[in-house]
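Written below as structure tokens is the structure these notes are about.
Protein chains: 2
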Amino acid sequence: MKIKKEVTIYDLAKELNYSPSTISRALNNHKSISKKTIKLIKEAAEEMGYRPNNLAAGLRNNKSNTIGVLISRINRPFMASLISGIEETARKAGYNVLISQSNDKYENEISNCNALYDSRITGLVVSLSMETIDMGHFQKFIDKGIPTVFVDRVPDNFNSYKVVIDNYTAGYSATKHLIEQGCKRIAHFAGAQHRNIYEERKKGYLDALRENGLPIEEDLIIYFKTMSFEEGDKVTKKLLKMKNPPDGIFSANDTAAVSAIMCAKKMGVNVPHELAVIGFNDDPIASIVQPSLSTVSHPAAKMGAISARRILDHSGQNYDTDLSEITVLGTEIIVRDSSLKKVHALESKPSR
Amino acid sequence: MKIKKEVTIYDLAKELNYSPSTISRALNNHKSISKKTIKLIKEAAEEMGYRPNNLAAGLRNNKSNTIGVLISRINRPFMASLISGIEETARKAGYNVLISQSNDKYENEISNCNALYDSRITGLVVSLSMETIDMGHFQKFIDKGIPTVFVDRVPDNFNSYKVVIDNYTAGYSATKHLIEQGCKRIAHFAGAQHRNIYEERKKGYLDALRENGLPIEEDLIIYFKTMSFEEGDKVTKKLLKMKNPPDGIFSANDTAAVSAIMCAKKMGVNVPHELAVIGFNDDPIASIVQPSLSTVSHPAAKMGAISARRILDHSGQNYDTDLSEITVLGTEIIVRDSSLKKVHALESKPSR
DNA sequence: TAAATTTACGCAATCGATTCCGTTGCCTAT
DNA sequence: ATAGGCAACGGAATCGATTGCGTAAATTTA
């Protein structure tokens, strides 16, 4: 098989008797090139099958029109939607998207960071790995003026763009909702407390209990490692076997919440009447499980879009831009069947 | 804020009194550089904060150590796992991954194709958009000897690497399973027939009916547009209102299958006894819905890994390599509750 | 010991696009 | 008629890494 040679602006220049400078300018609609020359050159480029070489342009300009994404795992509904939002926004602006997943390992995060840096990305979007504490590997981006946007799982000791939801209020509202439904002993499935999202959700939970005169029982706060289905199942079983079991659960994610519902059903505990459950994320499984899972919805794709936009907008700015801008998005409590103890004036609309 | 200047191999050369050639060779472990020089240079590079510039290297070598991915949508469980598999394999080999989604639009597929080409990707992994029929936009990759791997949704009139599952056998087995459970009138939720996966699943369905002496009824074959939950709900309602409704459904995806289960339950039709259902993909919702959904499991991450490997392995080969190599992976029927009419010698293990 | 290798490196071109300085020709105002 | 201005384009350096070819010194071989 023969490999076709590439068509460059030099080929175009030779063919059309123009200089490479003019070809380049014409293709970029430079104002000092006449309309008809531009038209002529573009048509010839099209016809000869010319395609720009991003590597060459990137080298010259020292940037690549590429947004780097560094997340824990792609195959989580939230993350997939996040990437989707980034990709959509980036592509509309003519940017590409490089992805990498840390699998929640600190080491991988570092090496991926380097790999993305080596590709001279225009900007970086990060959702921290579970293990990450030290933020040194991100410093080189700041030093080089590469806009870095932390999203969802963000650091609290590092000055950079951030896009988050109001986890505290979400945790508070979710817990409050259970209280309003008549729950008196509400357990909390908590995630690793060094990650902002889990810490704040828990704070919201605690304050909701306090402000509504409910006691805080350490036994009812379960610290998860992975918040997996299996872990949730095990924990729920234990909780429900207590002499004085909880009558409500606020889980920091949907996976564990769903496992709680299914475990309760298996054990003959009625959801929501004996155990009301509310989760977090509004994953697809939330509307499928029965009783359907009440949860907190998370504007994942929107967060991705905003993160990408931060990077795109950063280019036009001067370097005194305030990098510490934080975007906080609202969440929404989605009330479904798993928390609906009171059958009040709620229209009986389908859960989906 | 001051922007730090980058450290290049020229800076290293000046600092260490070597030529840039030697620096470059040392960093690449070239054999003509002595061990101690390599060690010296590498340590200095580390200390001075040198980071290679992929754009420069890529321009020189005319490739970027990047795998391009072109899929319909990222936020589908199958696609997310596919990407995850690609990313993992690519990264281990020191490759980056560029993603793009077509949102099932032919036009987007073309422009994304160009964008990826312009970045001089080393190889391309594609799962075709729903609309794609003409394959012209992929020709430039072939012409340039860029390995292109079609995965899952593949063309049948284009000569290139392919990684697929045996959709025919899967469709056959799924249908056969329903027959073995005693179903006599099995409906099929079919996808767009110009996409191989849906066409073959349907063929498998038809042959299973034929070979087991069941009549084929066109009324029971529903051609979906999007295979969404809503579409599945509507279709199921219609089916179950027939004077002679089906007693089984083989759906070409899980989303529609789950909607069928939920719709049946709402209408008071017992699943599996009055209506057995089997889906396709083994999405997370499959094990959550109740009764849990029997389905065909799809090795998504593995398919991604294999696709990436095709590209990585292609480099070492000469250009007479057979590009038409096709990898066919097996599938597995996951029997859960939605299809289990007969309570036979199956251990009553939990659905998950 | 002279010749033949081998080791360890340097020179300079190269990849393709961009851009800072020009330069040329033509039009306009005085 | 001539200076001034502008439109339209060209020359050549530049971005950073790679590599074929060349060479001096060190080592081995005859």
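Keeping their order, the protein sequence lines are chains A and B. Residues in the first sequence are numbered from 11 upward in steps of one, following this note's numbering. Residues in the second sequence are numbered from 11 upward in steps of one, following this note's numbering. Cβ atoms here follow ideal geometry from the backbone N, Cα and C, with glycine treated the same way.
Nearest by alpha-carbon distance to residue 289 of chain A: which of A:346, A:115, A:304, A:297 is it? Residue A:304 is the option with its Cα nearest to residue 289 of chain A.
Buried/exposed call for residue 329 of chain B, threshold 16 Cβ in 10 Å: Because residue 329 of chain B sits at a pLDDT of 49, beneath the cut-off of 50, its placement in the model cannot be relied upon, and the following sentence gives the value as read from the coordinates. Looking at its Cβ environment, which holds fewer than 16 other Cβ atoms inside 10 Å, residue 329 of chain B is exposed.
Straight-line CA distance for residue 352 of chain B to residue 345 of chain A? Taking the Cα positions, residue 352 of chain B is about 37 Å away from residue 345 of chain A.
Three or more C-beta pairs under 8 Å: does that hold for the segment 126-137 of chain A against the segment 155-164 of chain A? With the rule of 3 Cβ pairs closer than 8 Å, the segment 126-137 of chain A counts as touching the segment 155-164 of chain A.
Indicate whether residue 68 of chain B and residue 285 of chain A have their beta-carbon atoms separated by less than 8 Å. Taking 8 Å as the Cβ cut-off, residue 68 of chain B and residue 285 of chain A do not qualify as a contacting pair.
Start-to-end residues for the beta strand (DSSP E) that takes in residue 41 of chain B: Note, residue 41 of chain B: premise wrong, no beta strand (DSSP E); not H, not E.
Inter-residue spacing [alpha-carbon to alpha-carbon] between residue 365 of chain A and residue 116 of chain A: With chain A covering only 11 through 362, there is no way to say anything about residue 365 of chain A.
Using 8 Å as the limit for Cβ to Cβ distance, is residue 280 of chain A near chain B? Not one chain B Cβ lies under 8 Å of residue 280 of chain A.
In or out: residue 235 of chain A buried (at least 16 other Cβ within 10 Å) or exposed? The residue is exposed, with fewer than 16 neighbouring Cβ atoms inside 10 Å.
Would you call residue 86 of chain A buried or exposed, if buried means 16 or more other Cβ atoms sit within 10 Å of its Cβ? Label assigned to residue 86 of chain A: buried.
Quick check on the DSSP output: the beta strand (DSSP E) that includes residue 76 of chain B runs from which residue to which? 76-81 is the extent of the beta strand (DSSP E) around residue 76 of chain B.
Interface residues of chain B around residue 66 of chain A at Cβ under 7 Å? Proximity of chain B to residue 66 of chain A at the Cβ level (cut-off 7 Å) is accounted for by 69, in chain order.
Give the residues of chain B in contact with residue 346 of chain A, contact being defined as C-beta atoms less than 9 Å apart. Against chain B, a Cβ distance below 9 Å from residue 346 of chain A picks out nothing, because the smallest value is about 13 Å.
For residue 95 of chain A, count neighbouring Cβ atoms within 10 angstroms of its own Cβ and tell me buried if that reaches 16, exposed if not. It counts as buried.
Who are the near neighbours of residue 200 of chain A in its chain, counting only those whose CB is closer than 7 Å to its CB and skipping five residues on each side? For residue 200 of chain A, same chain residues with a beta-carbon under 7 Å away, outside a window of 5 residues either side, are 208, 212, 231, 232, 233, 234, 262 in chain order.
If we cut at 8 Å on Cβ distances, does residue 295 of chain A have a partner in chain B? True, the Cβ-Cβ gap to chain B drops below 8 Å.
Quick one: which chain B residues come within Cβ less than 8 Å of residue 153 of chain A? By Cβ distance, chain B contributes 13, 14.
Should residue 13 of chain B go down as buried or exposed, given a rule of 16 or more other Cβ atoms within 10 Å for buried? Residue burial annotation: residue 13 of chain B is exposed, with fewer than 16 other C-beta atoms found within 10 angstroms of its C-beta.
At a Cβ cut of 8 Å, what residues of the segment 122-147 of chain B count as close to chain A, listed as they run along the chain? Hits within the stretch, in order: 122, 124, 125, 126, 127, 128, 129, 130.
Between residue 188 of chain B and residue 141 of chain A, what straight-line distance do the alpha-carbon atoms span, to the nearest angstrom? Linking residue 188 of chain B to residue 141 of chain A through their CA atoms gives a straight-line distance of about 46 Å.
Compare the beta carbon distance of residue 106 of chain A and residue 125 of chain B with 8 Å and say whether it is the shorter of the two. It is a contact, given that the beta carbons lie within the stated cut-off.
Keeping to the same chain, check which residues put their C-beta closer than 7 Å to that of residue 165 of chain B; ignore five residues upstream and five downstream. The residues are 138, 145.
What did DSSP end up calling residue 135 of chain A once you bin it into helix, strand or coil? In the structure shown, residue 135 of chain A falls within a strand segment according to DSSP collapsed to helix, strand and coil.
Mind pulling the chain B residues with CB within less than 9 Å of residue 315 of chain A? In chain order: nothing, as chain B lies at least about 13 Å away.
Does the distance from the CB of residue 23 of chain A to the CB of residue 318 of chain A come in under 8 Å? No, the Cβ-Cβ distance between residue 23 of chain A and residue 318 of chain A is not below 8 Å.
Short check: CB of residue 279 of chain A to CB of residue 287 of chain A, under 8 Å? No.
Output, in chain order, the set of chain B residues within a Cβ distance shorter than 9 Å of residue 101 of chain A. By Cβ distance, chain B contributes 110, 111, 118, 121, 122, 125.
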